[in-house]
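Quick notes on the structure that follows.
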Amino acid sequence: MKKSDFTAVVPVAGAGTRLRPHTYTYPKVLLTVGNKPIIGHILDDLAAAGIKKICMVTGYLGDKIKTYVSSAYPGLDVDYVEQPEPKGLGHAIWMTRSRVTGPMLVMLGDTILSADLSKFLGGREDCIAVKEVPDPRRFGVVEVKNGYISAMVEKPEKPRTNLAIVGIYSFRNSSQLYGSLQRLVDSGTTTRGEIQFTDAMAMMVRRGHRIKPVKIEGWYDCGKPETLLETNRFILGRGAGGTMRHSVPKASGTLIVPPVYIAPGAEVRDSIIGPHVSVGPGCRIERSIISDSIINEEAQVSDINLAGSLIGPSAVVLGRRYKLNVGENSEVIFGTGDIAPGT
Ligand code: UTP
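Just so you know, the sequence shown maps onto residues 0 to 342 in numbering that gives the first Met the number 0.
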């Protein structure tokens, strides 16, 4: 079986509610991390692994995703399937049943991995990525016996292990997987109101199907503001030379603290930028100090100190500038004054 035989199924139909307000107007996968949208990093990883066919499940704001993918990746063979309502990850994968035959690699649209994909594409066994996490209750959790998964449960209240399922799955025979998903759909079986992918795989395991857990370390979630910023730190940190910086005019009076990405066409002056800041195209930043933040395209930021911030496209954030005329021995204290020097 060659890598190019695999179809990568990438579900991106979810509404991304945990990333509101950004996802009111942008699908989650188009939010920027590092130097490009989340989905761009995933498509780069798939192409680098030798995947030739991609089937994307779109729904919420799907047209925006299609427009981005066709303009940024014109050479990629992407087939789109519509999931009319986000009824769960299992349902999203089930929607692709008439489009995918043969081996399948499922990659979640909001997860960036730093892992060798050939582990999932080589060999003869079905496998899923797992990672030991301190609190596995918000994940699918697996139990392992003799090197294979013996049980799996979606978001258990009392997890029996700390091995969480983390967003990459490979199946040599997709028709077996579709068979299990079909049974869940036919019987209306849901967990927490959704048709769960974990339930379909658990059914396969109960019927004696062998799935190997593959431990990975480099797993970066983009589902919540704090994990999006963490993933941004990782992507910027792995950038060439630690800094992905472009076209900041020399006379801008700006100090760059790497790693930082400043897109071509962004204007930055009289500021301190970094570490871990991504600035999108067309942004205008002046007289500001920014660290650990993502400033999306065309945003305007002035006179402010920002850290741990997500600024949406075309947003305007104007801080304060003070004009003071203060004499010797005066004290000027903004705030309550209870930490004034000398008191
Ligand atoms: P998530 O549950 O993390 O994404 O699904 P979500 O539903 O968009 O986010 P929240 O919980 O509302 O914040 C993981 C991946 O599966 C896709 C999502 O788009 C995401 O890429 N998905 C999920 C679907 O395609 N369809 C679904 O019904 C559910």
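Idealized CB from N, CA, C, for every residue including glycine.
Going straight from the alpha carbon of residue 93 to that of residue 273, what length do you get?
43 Å
Could you pull out every residue in the same chain whose Cβ sits closer than 7 Å to the Cβ of residue 326, ignoring the five residues on either side in sequence?
none
Considering only DSSP beta bridges, list what residue 255 is partnered with.
272
Going by C-alpha distance, which of 198, 7, 80, 21 is nearest residue 49?
7
Report the CB separation of residue 256 from residue 234 in whole angstroms; it is logged as a contact under 8 Å.
The Cβ separation is near 17 Å, so there is no contact.
For residue 28 versus residue 56, is the C-beta distance shorter than 8 Å?
no
Given residue 53 as reference, the closest of 129, 337, 100, 210 once Cα atoms are compared
100
What's the C-alpha gap between residue 170 and residue 4?
12 Å
The ligand UTP heavy atom lying under 7 Å from the CB of residue 56:
yes
Which class does residue 203 belong to by DSSP, given the choice of helix, strand or coil?
helix
Using only alpha-carbon positions, find the residue among 237, 143, 15, 219 that is nearest to residue 59.
15
Considering only residues of the region 53-90, which uninterrupted alpha helix (DSSP H) runs meet the minimum length of 4 residues and lie entirely inside it, listed in chain order?
61-71
Specify whether the region 122-130 and the region 152-171 touch according to this definition: at least 3 beta carbon pairs, one from each stretch, less than 8 Å apart.
yes
Residues passing the C-beta test against the ligand UTP heavy atoms, cut-off 7 Å
10, 11, 12, 13, 14, 15, 16, 17, 18, 27, 28, 56, 58, 82, 85, 86, 87, 88, 90, 91, 107, 108, 109, 193, 222
Excluding the 5 residues preceding and the 5 following residue 239 in the sequence, name in chain order all residues of the same chain whose CB lies nearer than 7 Å to its CB.
Bear in mind that a pLDDT of 47 at residue 239, under 50, signals an unreliable position, so the model cannot answer this.
Between residue 320 and the rest of its own chain, which residues show a CB-CB distance below 8 Å, the 5 nearest in sequence each way excluded?
286, 302
Using the three-state DSSP reduction, which class does residue 308 fall into: helix, strand or coil?
coil
So residue 277 and residue 294 are in contact, right, with Cβ under 8 Å, and what is the actual spacing, rounded?
7 Å
I need the DSSP call for residue 117, collapsed to helix, strand or coil.
helix
Going along the chain, which unbroken runs of the beta strand (DSSP E) with 3 or more residues stay wholly within the region 111-160?
125-131, 139-144, 147-153
Please classify residue 151 as buried or exposed, where buried requires at least 16 neighbouring CB atoms within 10 angstroms.
buried
Pick out whichever of 62, 44, 95 has its Cα sitting closest to the Cα of residue 119.
44
According to DSSP, residues forming a beta bridge with residue 45
Answer is none; residue 45 lacks a bridge partner.
Compare the C-alpha of residue 263 against each of 134, 35, 137 and name the closest.
35
One question on the structure: do residue 143 and residue 212 come within less than 8 Å of each other, judged by their Cβ atoms?
yes
Please report the distance separating the alpha-carbon of residue 311 from that of residue 324.
36 Å
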